[in-house]
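The sequence shown: position 138 = 145 (our numbering), numbered continuously.
The structure appears below as structure tokens.
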Amino acid sequence: VKISPLLAISSRLSIKKEQIKKQKNSMVKKPLSIPLSMAMKNVKRNKNRYTITILSIIISSVLFITFSYLMSVAFASKPFDKLSVKSDITIKIVDNNPDHLAESEQVLHQLKSLENISKVYEKKENSFETKLKDVTQSSATVKEIENTIGKRYSIKI
8 VKISPLLAIS
18 SRLSIKKEQI
28 KKQKNSMVKK
38 PLSIPLSMAM
48 KNVKRNKNRY
58 TITILSIIIS
68 SVLFITFSYL
78 MSVAFASKPF
88 DKLSVKSDIT
98 IKIVDNNPDH
108 LAESEQVLHQ
118 LKSLENISKV
128 YEKKENSFET
138 KLKDVTQSSA
148 TVKEIENTIG
158 KRYSIKI
């Protein structure tokens, strides 16, 4: 409806303005906090930016959880070398003797009786690991082991 300016001035009371409808949000009316109300208004203005932000947060969270799990698995497989005892001398029995159990018991008692050996650990694969009291005497201890149990065993320092 077009109204001429003269008619508008003369009959102001007969023209009614349409009221602008505002969407009233109860959440914004009662703000829990100022940043929350500002965030809610911003979400209303930029819905695409809001969805992209939420998607990027979800993707980055999933990537963080995935990589932290993979790193924990990678570092958990590392300490297998810590399961073995740090020994000074390793003696391996070559398994060509059918009575190797009796032989390993005999070698174990002979190793425990030596002077410079503080502890003897028996391993499953027919080997012994020893801890020395004095590490500087390791070559002399190897010779003593060879004299006691014989030279047919593999000895590593």
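Built from N, CA and C at the ideal position, the CB exists for glycine as well.
Checklist entry - With respect to the beta strand (DSSP E) encompassing T97, which residues constitute its N-terminal and C-terminal limits? => result Within the sequence shown, the letter at position 90 stands for residue 97. 96 to 99 is the extent of the beta strand (DSSP E) around T97.
Item to check | Buried versus exposed, by CB contacts within 10 Å (16 or more), D141 | outcome: Indexing the sequence shown from 1 puts residue 141 at position 134. Answer is exposed; the Cβ neighbour count stays below 16.
Checklist entry - Near S134, what residues of its chain come up, given a Cβ to Cβ distance below 8 angstroms and the 5 sequence neighbours on each side ignored? => result Numbered from its first residue, the sequence shown carries residue 134 at position 127. If we look at S134 and ignore the five residues flanking it on each side, its Cβ neighbours are T97, I98, K99, I100.
Checklist entry - Are the beta-carbon atoms belonging to K130 and D95 less than 8 angstroms from one another? => result As a first step, residue 130 is located in the sequence shown; it is residue number 123 there, counting from the start. As a first step, residue 95 is located in the sequence shown; it is residue number 88 there, counting from the start. Cβ distance not < 8 angstroms, so K130 and D95 don't count as in contact.
Item to check | When Y128, E122, V127 are compared against K150, the one with the closest alpha-carbon | outcome: Translated into the one-based positions of the sequence shown, residue 150 becomes position 143. Nearest option by C-alpha distance: E122.
Item to check | Outcome for T148 when other beta-carbon atoms lying within 10 angstroms are tallied against a minimum of 16 | outcome: Start at 1 with the first residue of the sequence shown, and residue 148 comes out as number 141. With 16 or more Cβ atoms within 10 Å of its Cβ, T148 is classed as buried.
Checklist entry - Of all Cβ atoms in chain B, is any one closer than 8 angstroms to the Cβ of S40? => result Reference to chain B is not applicable here, since this structure consists of a single protein chain.
Checklist entry - Using CA coordinates, which residue listed in N55, S120, K54, T60 is at the minimum distance from N154? => result What you label residue 154 is simply residue 147 of the sequence shown in a count that begins at 1. N154 has its Cα closest to that of S120, out of N55, S120, K54, T60.
Item to check | Backbone CA spacing between F74 and V50 [nearest angstrom] | outcome: Numbered from 1 along the sequence shown, position 67 holds the residue referred to as residue 74. Numbered from 1 along the sequence shown, position 43 holds the residue referred to as residue 50. Near 31 angstroms, if we compare the C-alpha coordinates of V50 and F74.
Next on the checklist: Within a Cβ cutoff of 6 angstroms, which residues of the same chain sit near S125, ignoring the five residues on either side of it in sequence?
Outcome noted: Against the sequence shown, residue 125 aligns to sequence position 118. K138, K140, listed in sequence order.
Next on the checklist: Please state the DSSP three-state secondary structure of E136.
Outcome noted: Residue mapping note: residue 136 aligns to position 129 of the sequence shown, counting from 1. If DSSP states are grouped into helix, strand and coil, E136 belongs with the strands.
Checklist entry - Would you say V127 and I156 are within 8 angstroms of each other, going by their C-beta atoms? => result The count along the sequence shown starts at 1 and reaches residue 127 at position 120. The count along the sequence shown starts at 1 and reaches residue 156 at position 149. Contact flag unset, no.
Item to check | Straight-line Cα distance separating M45 from N55 | outcome: Start at 1 with the first residue of the sequence shown, and residue 55 comes out as number 48. Start at 1 with the first residue of the sequence shown, and residue 45 comes out as number 38. For N55 and M45, the distance between alpha carbons rounds to 17 angstroms.
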